[in-house]
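Chains as they are written, first to last, in our numbering: chain A, 250 to 388; chain B, -13 to 66.
Beta carbons are placed, not taken as given, at the ideal position from N, Cα and C, and that holds for glycine.
Model, not experiment: these values are computed from the prediction.
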Amino acid sequence: MNEYKFSDIEIGLEESFEVKIDASKMDKFLDISNDINPLHVDSNYAKEKGFPGRVVYGLLTSSFYSTLVGVHLPGKHCILQGIDIQFSKPVYIGDALKISGKVSYINEAYKQIEIRAFITNQNNEKVSKATIKTGVLDE
Amino acid sequence: MTREEVFNGVQDIFRDIFDEDDMVIEDKTSSDDIEDWDSLNHINLVSAIEKEFEIRFALGELMALKDVGAMIDLMIEKLK
């Protein structure tokens, strides 16, 4: 886990990590959310609607934005204060995702940073993007 | 930039942050007058103003502000 302090952070600081989406993650998210929409739980239904398989929950992939700030940037001293997400492409079971974030703005007075983040798949296609606001609790 | 231009820009930011297209603020408007003006939205307001007007505030300056009018006056000083 990274432990960036507020004074360590500058505009342009970047971090990223990778994760593979497997069926067990879908099962666990279903258990937590109880989102039984057939697009996520029924592969036949998803195929009828023109998708190659079950569509991964958008908020499952977005949960990695939490990991991005809570573990990587800034890491330990993070307090998540806001997130604005846009989805651009579906994610499927088996996809390998890369979650990336870069500091785009620093509020010196309130020790809040803004991170422009995005997630790409194994084909380097952007599947979502987010603007994340987080405080830094180090000092 | 005139005071009216600064004021109108700040009003647009308030409307955006508080999701009220017809919100009207005055110099005497303070956090007591807007129910959703909590600590996080206060940070959002300051951040939006800093980015829109390309100015920066110090914590001490912000703590001394009592209403929107005082914020506008401080902004005008910084924009000179």
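For L60(B), the enclosing alpha helix (DSSP H) covers residues 54 to 65. V340(A) sits buried, since 16 or more C-beta atoms from the chains shown fall within 10 Å of its C-beta. Distance from M57(B) to L51(B) at the Cβ level is roughly 5 Å; contact confirmed, criterion being Cβ atoms closer than 8 Å.
Three or more pairs of CB atoms, one per stretch, sit closer than 8 Å, so the segment 321 to 339 of chain A contacts the segment 364 to 383 of chain A. With a cutoff of 8 Å on beta-carbon distance, I364(A) and L308(A) are scored as not near each other. Residues of chain A whose Cβ lies closer than 9 Å to the Cβ of R(-11)(B) do not exist; the shortest such Cβ separation is about 23 Å.
In this chain, the alpha helix (DSSP H) harbouring K277(A) covers 272 to 282. Under the three-pair Cβ rule at 8 Å, the segment 26 to 36 of chain B does not count as touching the segment 341 to 351 of chain A. For the beta strand (DSSP E) assignment, the uninterrupted runs of no fewer than 3 residues enclosed by the segment 310 to 361 of chain A are, from N- to C-terminal side, 327 to 336, 345 to 356. F39(B) is outside the set of residues whose beta carbon lies under 8 Å from a beta carbon in chain A.
The secondary-structure analysis by DSSP pairs A379(A) across a beta bridge with I334(A), A366(A). Distance from the CA of A295(A) to the CA of L60(B), rounded to the nearest whole angstrom, comes to 56 Å.
Counting the other CB atoms within 10 Å of its CB gives Q371(A) a total below 16, which places it among the exposed residues. Among the CB atoms of chain A, one or more fall inside 8 Å of the CB of S33(B).
Secondary structure of E40(B) (DSSP, three-state): coil. The residue among L262(A), I381(A), L386(A) with its C-alpha nearest the C-alpha of S312(A) is I381(A). Here the alpha carbons of F43(B) and E36(B) stand approximately 7 Å from one another. Between the C-alpha atoms of K269(A) and T310(A) there is a straight-line separation of about 10 Å. Taking 8 Å as the cut-off, the Cβ atoms of S353(A) and I260(A) count as close.
Going by C-alpha positions, F(-7)(B) is about 37 Å away from G319(A). Annotation: Q361(A) to I332(A) spans about 13 Å, alpha carbon to alpha carbon.
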